[in-house]
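A.B. asks:
In the UniProt record's numbering, the protein residues as written are 1 to 545.
Given below as structure tokens:
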């Protein structure tokens, strides 16, 4: 669904709860939806008058869904520079292969596909910044936020309910003075309330202690997410943190990972693998909603929409459990949003659910997405995004990457190794693969324009079984497989006859058992003017062994 707004993480096709509408269209519809969610509306009303004008400004800046984007830490803190970098399309990206044409015939063994091609140098670096690396105003904002949070926890004023408890404690103290006969009963209740206060001091968020004086190294990392989401304005970040805690408490989010949603949403979103920097990768597939039955089942009623939103929260919470909030750790996710066959913006129920998700995620999951990659993007989505672009923050737009259907594999390889990319997207990863694991690195061959390249795999012993995976970045080449015997008197055997393969096809896997010594020859003929990259790996099995 959509992704992050004002420095908050949220994804366009995912789920978030916001006290205010985040997108420009149908604002009235947003208000009605939010009014149905008492908890969220209540949180918005609780904000201090001093923040009212700021909140009005927030309404004028629609935000993208957190699941569409949770947040890319910017390496240098310069929002404009990073925005320009993020807004570059694949067309403006430098060639994926940084090598010269003279090296195109060289076969690179080992970890070739694990070596990133032109991955943005500033990508994912801000999350790893330590306190000494912060700018002076950022350090001051962090210290201010730490102080506010410490005081709120120690005085038990982090939640609205805490004020009631404080009043009850004071009242009990007065009663003890005027009615000593009830002192024992009141003392027990007094002690009970004080115990509740003690528990409040042990608050954690995503497993990270919130009390700064505890000295946990992850506390500053977590607080910096809220600060970046509010441009290092300590007061606004503190209000955001309090509202997030309130929302989680009211919606019982801390226990949401224990809820059972069955497998009805398994095809909609899932966590799978890591990117080149170690970020967990979350895939969101919107094409499943092109099926009317699935669409109506998910968005047909308010109850079904609420169920879907809670499932989406659960998926995100499970992804966050994989993160490391220690200094230098990976504390953000990579989002892949597959828009193939996705329903258009005319589907009202989906649009409203998306808006609500955007609000919730960006208000309660700040800076949790390192990069939002949209693949199989239809033409209408480019136009739709262009209309929204003026209302999005530069920080939000800097995290977006859009890829046409013909460039999906090429785009994903900039951020994820081929061994980690699912075969449906041109990678080498297969579910429950008995032959290869992600540790089996692919080798690489470059085929320059108008050239033909052969990949030769020796089979010196008869009766061996060869298994291989292969993917071609760019496709649109002629491809064939042959077995050439060592004995010149034997005939060459065609394993797979020559044919043209295009970008619509998945990665290739094949097997062959030889009856005599020889070699398997894979021929790739590139008749296009653009250089192609071929990634492959193989395994030889000896039945006798």
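Virtual Cβ for every residue (Gly too), placed ideally from N, Cα, C.
Report the residue from 424, 531, 429 and 246 whose alpha carbon sits nearest the alpha carbon of residue 417.
C.D. replies: When only C-alpha atoms are compared, the closest one is 429.
A.B. asks: Determine whether the beta carbon atoms of residue 289 and residue 149 lie at a separation below 8 Å.
C.D. replies: Contact: no.
A.B. asks: Taking just the CA atoms, how far does residue 465 sit from residue 517?
C.D. replies: Taking the straight line from one Cα to the other gives about 12 Å.
A.B. asks: Pick from 355, 275 and 533: whose alpha carbon is nearest that of residue 407?
C.D. replies: Ranking the options by Cα distance to residue 407, first place goes to 533.
A.B. asks: DSSP three-state label for residue 394, please.
C.D. replies: DSSP places residue 394 in helix when its eight states are reduced to three.
A.B. asks: Give the straight-line distance between the Cα atoms of residue 475 and residue 502, rounded to the nearest whole angstrom.
C.D. replies: Approximately 5 Å, taken between the alpha carbons.
A.B. asks: Pick helix, strand or coil for residue 31, following the three-state DSSP scheme.
C.D. replies: For residue 31, the predicted model reports a pLDDT of 37, less than 50, meaning its position is unreliable and no value from the coordinates is stated.
A.B. asks: Spatial neighbours of residue 530 within its chain, please: CB distance less than 8 Å, with the 5 preceding and 5 following residues excluded, ordered by chain position.
C.D. replies: Excluding positions up to five away in sequence, the list reads 449 and 474.
A.B. asks: With distance defined between alpha-carbon atoms, name the residue in 419, 409, 258 and 136 nearest to residue 433.
C.D. replies: Selected option, being the one with the closest Cα: 419.
A.B. asks: Out of curiosity, what's the CA-to-CA distance linking residue 206 and residue 320?
C.D. replies: Computed Cα separation, rounded: 7 Å.
A.B. asks: Name the DSSP bridge partner or partners of residue 335?
C.D. replies: Its beta-bridge partners are 282 and 372.
A.B. asks: From the DSSP output, in three-state form, read off residue 460 for me.
C.D. replies: In this structure, residue 460 counts as coil in the three-state DSSP scheme.
A.B. asks: In terms of alpha-carbon separation, which member of 514, 528 and 527 lies closest to residue 543?
C.D. replies: Among 514, 528 and 527, the Cα nearest to that of residue 543 is on 514.
A.B. asks: In or out: residue 218 buried (at least 16 other Cβ within 10 Å) or exposed?
C.D. replies: Answer is buried; the Cβ neighbour count reaches 16.
A.B. asks: To the nearest angstrom, how far is it from the Cα of residue 271 to the Cα of residue 368?
C.D. replies: The straight-line gap from Cα to Cα measures roughly 14 Å.
A.B. asks: Between the region 381 to 391 and the region 322 to 335, are three or more C-beta pairs nearer than 8 Å?
C.D. replies: Short answer: they don't touch.
A.B. asks: In the structure shown, what three-state DSSP assignment does residue 422 receive?
C.D. replies: It is a strand residue.
A.B. asks: Kindly identify the DSSP beta-bridge partner or partners of residue 513.
C.D. replies: Paired residue(s): 465.
A.B. asks: Could you tell me how far apart the beta carbons of residue 478 and residue 525 are, in whole angstroms, since I believe they sit closer than 8 Å?
C.D. replies: Sure, about 4 Å apart at Cβ, within 8 Å.
A.B. asks: Distance check for residue 488 and residue 495, CA to CA, integer angstroms please.
C.D. replies: Computed Cα separation, rounded: 18 Å.
A.B. asks: Which value, in whole angstroms, describes the spacing of the CA atoms of residue 539 and residue 261?
C.D. replies: Cα-Cα distance, rounded: 39 Å.
A.B. asks: Could you give the first and the last residue of the continuous alpha helix (DSSP H) run that contains residue 150?
C.D. replies: Where residue 150 is concerned, the enclosing alpha helix (DSSP H) stretches over 136 to 154.
A.B. asks: Are the CB atoms of residue 309 and residue 248 nearer to each other than 8 Å?
C.D. replies: No, the Cβ-Cβ distance between residue 309 and residue 248 is not below 8 Å.
A.B. asks: Grouping DSSP H, G and I as helix and E and B as strand, with all else coil, what is residue 430?
C.D. replies: The answer is coil: DSSP assigns residue 430 none of H, G, I, E or B.
A.B. asks: What are the uninterrupted segments assigned as alpha helix (DSSP H) that are 4 or more residues long and contained completely in the region 255 to 333, given in chain order?
C.D. replies: Those alpha helix (DSSP H) runs which fall completely within the region 255 to 333 and span 4+ residues are 292 to 299 and 302 to 320.
A.B. asks: Which residues share a DSSP beta bridge with residue 402?
C.D. replies: Answer is 374, bridged to residue 402.
A.B. asks: Under three-state DSSP, which class holds residue 49?
C.D. replies: For residue 49, the pLDDT reaches just 41, beneath the cut-off of 50, and the residue's location in the model is therefore unreliable, leaving the point undetermined.
A.B. asks: Given a threshold of 16 other Cβ atoms within 10 Å of its Cβ, counted over all protein chains shown, does residue 403 qualify as buried or as exposed?
C.D. replies: With 16 or more Cβ atoms within 10 Å of its Cβ, residue 403 is classed as buried.
A.B. asks: Using a 10 Å radius around the Cβ and a threshold of 16 neighbouring Cβ atoms, would you call residue 222 buried or exposed?
C.D. replies: Flag for residue 222 reads buried.
A.B. asks: Could you please give me the residues that DSSP links to residue 415 through a beta bridge?
C.D. replies: DSSP output for residue 415 lists no bridge partner at all.
A.B. asks: Among the residues of its own chain, which have a CB less than 7 Å from the CB of residue 278, if the five just before and after it don't count?
C.D. replies: Answer for residue 278: 330, listed in chain order.
A.B. asks: Please name the residue, chosen from 327, 359 and 314, that lies closest to residue 254 on a Cα-to-Cα basis.
C.D. replies: Answer by Cα proximity: 314.
A.B. asks: According to DSSP, is residue 211 part of a helix, a strand, or is it coil?
C.D. replies: Coil at residue 211, not helix or strand.
A.B. asks: Opposite residue 606 in the DSSP bridges: which residues?
C.D. replies: With the chain covering 1 to 545 only, the question about residue 606 has no answer from this structure.
A.B. asks: Report the option in 440, 452, 472 and 485 whose CA atom is closest to the CA atom of residue 459.
C.D. replies: Nearest option by C-alpha distance: 485.
A.B. asks: Can you give me the start and stop residues for the alpha helix (DSSP H) that residue 354 sits inside?
C.D. replies: Element bounds for residue 354: 348 to 364.
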